[in-house]
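S.K.:
Residue numbers (the numbering used here): 289 to 490.
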């Protein structure tokens, strides 16, 4: 029917509205750059890496949506919360040796996939499960064909630790490194201006 066709067609009015939304977004970014100094915020160029500001953190890694994350009060930490954390020394050593990062003091940002008492599993078929729920697969190699180390088995998170998890199966996260001490968490953050949010306006 013609009515259905009209619903899915992009009208001139729709295009103007999108252009207006883009303009509003650009103005907002300029305003924030002036007020909060985002324009001076350093952006780490290494893979799976972030660099921080006391209010904002930038993520240039494909592990989670790229963009700017806003620090929020750390009143509680729950599953699926995004956190900025310092990876353990052994994880940094592996990432440095593979060329995934070049700065040993880099911070990572992932969401909390599991907390104390939760179970996670790396199966023989390279499946990744948290509390029996499938959360993606395990990649054996990175984009350059280098082996990504991982250990098969079923584990219980304990010792005041959390399991960091990214959205990308090649994210160097808990499915490969295991849990991380809670004390390594530097900040709790939420997406502020990220690529998936920008997709709404484009």
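All residues carry an ideal CB built from backbone N, CA and C; glycine is no exception.
Rounding to the nearest angstrom, what Cα-Cα distance links residue 399 and residue 388 in this structure?
M.R.: The residue labelled residue 399 in the question sits at position 111 within the chain shown. The residue labelled residue 388 in the question sits at position 100 within the chain shown. Cα-Cα distance, rounded: 20 Å.
S.K.: Check the DSSP bridge columns for residue 449 and list the partner residues they point to.
M.R.: The sequence position of residue 449 within the chain shown is 161, counting from 1. DSSP output for residue 449 lists 469 as bridge partner(s).
S.K.: For residue 416, write down the residues that DSSP places opposite it in a beta bridge.
M.R.: On the chain shown, position 128 is the one that residue 416 refers to. Answer is 410.
S.K.: Look at residue 380 and residue 397 and say whether their C-beta atoms are less than 8 Å apart.
M.R.: What you label residue 380 is simply residue 92 of the chain shown in a count that begins at 1. What you label residue 397 is simply residue 109 of the chain shown in a count that begins at 1. Result no, Cβ atoms of residue 380 and residue 397 do not sit closer than 8 Å.
S.K.: Go ahead and pull the three-state DSSP assignment for residue 475.
M.R.: Walking along the chain shown from the start, residue 475 turns up at place 187. Strand at residue 475.
S.K.: Quick check: the Cα distance between residue 358 and residue 422, rounded to an integer number of angstroms?
M.R.: On the chain shown, residue 358 is found 70 positions in, with the first residue counted as 1. On the chain shown, residue 422 is found 134 positions in, with the first residue counted as 1. Each residue's alpha carbon lies about 29 Å from the other.
S.K.: Which partner residues does residue 257 have in the DSSP bridge list?
M.R.: Residue 257 falls outside the range modelled here, since the chain spans only 289 to 490, and no answer is possible.
S.K.: Just mark residue 375 as buried or exposed, buried being the case when its beta carbon has 16 or more other beta carbons within 10 Å.
M.R.: Counted from its first residue, the chain shown places residue 375 at position 87. Buried, because 16 or more other Cβ atoms sit within 10 Å of the Cβ of residue 375.
S.K.: Are the Cβ atoms of residue 439 and residue 468 separated by less than 8 Å?
M.R.: Counted from its first residue, the chain shown places residue 439 at position 151. Counted from its first residue, the chain shown places residue 468 at position 180. In this structure, residue 468 does not lie closer than 8 Å to residue 439 by Cβ.
S.K.: Under the assumption that residue 443 contacts residue 408 (Cβ atoms under 8 Å), give the Cβ distance between them as a whole number of angstroms.
M.R.: Mapped onto the chain shown, residue 443 falls at position 155. Mapped onto the chain shown, residue 408 falls at position 120. The pair is a contact, with the Cβ atoms about 6 Å apart (cut-off 8 Å).
S.K.: Could you check the C-alpha separation between residue 477 and residue 390 for me, to the nearest Å?
M.R.: What you label residue 477 is simply residue 189 of the chain shown in a count that begins at 1. What you label residue 390 is simply residue 102 of the chain shown in a count that begins at 1. For residue 477 and residue 390, the distance between alpha carbons rounds to 24 Å.
S.K.: Apart from the five residues just before and just after residue 470, which ones in its own chain have a Cβ nearer than 8 Å to its Cβ?
M.R.: The residue given as residue 470 occupies position 182 in the chain shown. Contacts found: 365, 448, 449, 450.
S.K.: Which residue wins for smallest C-alpha separation from residue 402, given the options 466, 345, 395, 346?
M.R.: In the chain shown, the residue the question calls residue 402 occupies position 114. Answer by Cα proximity: 466.
S.K.: With a cut-off of 8 Å on the beta carbons, I'd call residue 456 and residue 350 a contact; round off their distance for me.
M.R.: Your numbering for residue 456 matches position 168 in the chain shown. Your numbering for residue 350 matches position 62 in the chain shown. So it is a contact: roughly 5 Å between Cβ atoms.
S.K.: Three-state secondary structure (DSSP) at residue 429?
M.R.: The count along the chain shown starts at 1 and reaches residue 429 at position 141. Correct three-state label for residue 429: strand.
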